[in-house]
Amino acid sequence: MDESRQRVVDQCQAQGMSVLTKQEFESAFLFDADARRRNLTHFCLSNDLELIVDAEAERFFFLKAHSNAGPPISPLLF
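Read left to right, the sequence shown gives residues -6 to 71 (our numbering).
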């Protein structure tokens, strides 16, 4: 796992959440050289995380998943 993704996992384990800006998210999950091989859903499931996207604020929130939570990736709509 690359450094950016590991930081997300470490922060979620220590603090219960990790917040990325749009640029940080794109760098770690979309534009990384190995992004095609790395599946965001798999990352969330294998690390027991949920992703909440606040598109208006351009923030990406990774949270520790709850056992009765819905799917691992869900948009936050306002």
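Note that the Cβ used here is the ideal one computed from N, Cα and C, for glycine as well.
C-alpha gap between residue i and residue j, whole angstroms
i, j, result
"Arg52", "Gln4", "16 angstroms"
"Gln16", "Val1", "14 angstroms"
"Ala48", "Gln6", "24 angstroms"
"Ala50", "Leu33", "21 angstroms"
"Gln8", "Glu19", "22 angstroms"
"Leu13", "Leu23", "13 angstroms"
Short Cβ contact (9 angstroms threshold) for residue i with residue j
i, j, result
"Ala58", "Glu43", "yes"
"Leu56", "Met10", "yes"
"Asp(-5)", "Asp25", "yes"
DSSP three-state assignment for residue i, whether helix, strand or coil
i, result
"Phe24", "coil"
"Asp47", "strand"
CB-CB length for residue i against residue j, believed under 8 angstroms
i, j, result
"Phe36", "Arg(-2)", "7 angstroms"
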